[in-house]
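Under full-length UniProt numbering, the first residue of the sequence shown is numbered 1, with each subsequent residue one higher. Written out below as C-alpha cells is the structure these notes cover.
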Amino acid sequence: MIVSVEGNIGSGKSTVLKAMRERYPDIGVPIVYVDEPVSQWEQIKSKEGKNMIELFYANPSKYAFSFQMMAYISRFTMIRAAVQANPNSIILTERCLLTDYNIFASMLHEQGQMLDEEFTIYKTWFHTFQQEIPVDSIVYIRCRPTTAFTRCKKRARVGEEIPLEYLTQCHEKHETWMNGYPSKLVIENDETTLEEVLASILEFIR
1 MIVSVEGNIG
11 SGKSTVLKAM
21 RERYPDIGVP
31 IVYVDEPVSQ
41 WEQIKSKEGK
51 NMIELFYANP
61 SKYAFSFQMM
71 AYISRFTMIR
81 AAVQANPNSI
91 ILTERCLLTD
101 YNIFASMLHE
111 QGQMLDEEFT
121 IYKTWFHTFQ
131 QEIPVDSIVY
141 IRCRPTTAFT
151 RCKKRARVGE
161 EIPLEYLTQC
171 HEKHETWMNG
181 YPSKLVIEND
191 ETTLEEVLAS
201 ILEFIR
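If you want it as C-alpha cells, here you go:
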C-alpha cells in the first residue's frame, strides 16, 4: 500500500515523516519511508556550482522542464525501488508522481514557464510510468500560505528563497486537487501539535 504525504512547501511534511520514522518503523506491518529526493537534486550542479534548486528558483522559465523531469525521474526511481523491495509493507512517501503532475508541472505550464511541447513530453512520461506505482491514499497536511512562508524562512534551505505569492499559488493548486481526491486524510497544521498529527496519521493508515 502506498500512502503519500502531501502539502505545500513548508507545510511540515518532512518534520512529520522524520518523527514517524523515528517512532514507528512498524505498526504490525512494516512501514517504509521514502523522503523527497532533495539531496539528489542538490548534487546536480551548473559549472558555476549552483544546484538545480537554486537554478530553478533563480530562473524558473529556463529550468522548469529540466527540473520537473529530474524531480519525476528521481521520485519514480525511489518509490518503485521501495515498492519492489518491500512487497508486504506500507510505503509512506513524501509526495508522489501525482503531485509533480497536478501541482508543479501543471502550474508552470499554466504560467507559461513550461512550453506546450515540453508539457506534452512531460505528460507522456507521467502517463507511461505512474501506473507502476499507484497511490492508494493521501495524507494532506494543510496550512495557510503565510504559515508555510514563515517556516520556509526559518529553515533557510540554500537556494530556496520562495515568495509568498508562489506559496499561495501552490496552496490553491493543492486545494483544487484535494477537493477531487477520494481517499484522503486532511490535517490542519497551523496550530496542531506534532503529537496530534502523528496520531491522526496512525489511525488513518492502520
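From the three backbone atoms N, C-alpha and C, an ideal C-beta is built for every residue, glycine too. Owing to the predicted nature of the structure, the values given are computational and were not obtained by experimental measurement.
Between which two residues does the beta strand (DSSP E) carrying residue i extend?
| i | result |
| --- | --- |
| E175 | Segment L164 to N179 is the alpha helix (DSSP H) holding E175; no beta strand (DSSP E) there. |
| I31 | I31 to V34 |
| R142 | S137 to R142 |
| K184 | K184 to E188 |
Rounded to whole angstroms, what is the Cα-Cα separation between residue i and residue j?
| i | j | result |
| --- | --- | --- |
| residue 209 | V139 | No information on residue 209 is available, as it lies outside the stretch 1 to 206 that the chain covers here. |
| V83 | T193 | 30 Å |
| E94 | S61 | 25 Å |
| V29 | D116 | 44 Å |
| S106 | I53 | 18 Å |
| A148 | F119 | 27 Å |
| T77 | I121 | 18 Å |
| V135 | R21 | 20 Å |
| I162 | F65 | 18 Å |
| S14 | I141 | 11 Å |
| D111 | I27 | Note on residue identity: the sequence assigns Gln, not Asp, to residue 111. Between Q111 and I27, the C-alpha separation is close to 43 Å. |
| N102 | E42 | 23 Å |
| Y57 | L108 | 12 Å |
| R144 | F104 | 18 Å |
| K154 | L164 | 14 Å |
| F67 | G49 | 16 Å |
| E195 | L17 | 12 Å |
| V38 | F129 | 21 Å |
Tell me, to the nearest whole angstrom, how far the beta carbon of residue i is from that of residue j; I am working on the premise that it is less than 8 Å.
| i | j | result |
| --- | --- | --- |
| E6 | T99 | 6 Å |
| I90 | I205 | 6 Å |
| I44 | I133 | I44 to I133, Cβ: 23 Å. No contact. |
| residue 216 | Q40 | For residue 216 there is no data in the structure shown, the boundaries of the chain being 1 and 206. |
State the start and end residues of the unbroken alpha helix (DSSP H) segment that holds residue i.
| i | result |
| --- | --- |
| I201 | L194 to I205 |
| S4 | Unbroken run through S4 is the beta strand (DSSP E), I2 to G7; no alpha helix (DSSP H). |
| S14 | K13 to R23 |
| I53 | M52 to A58 |
For this session: Count the CB pairs spanning the region 15-35 and the region 166-173 that are closer than 8 Å, and state whether there are at least three.
Result: no
For this session: Starting from the N-terminal side, write out each stretch of the beta strand (DSSP E) that is 3 residues or longer and does not extend beyond the region 66-129.
Result: 90-94
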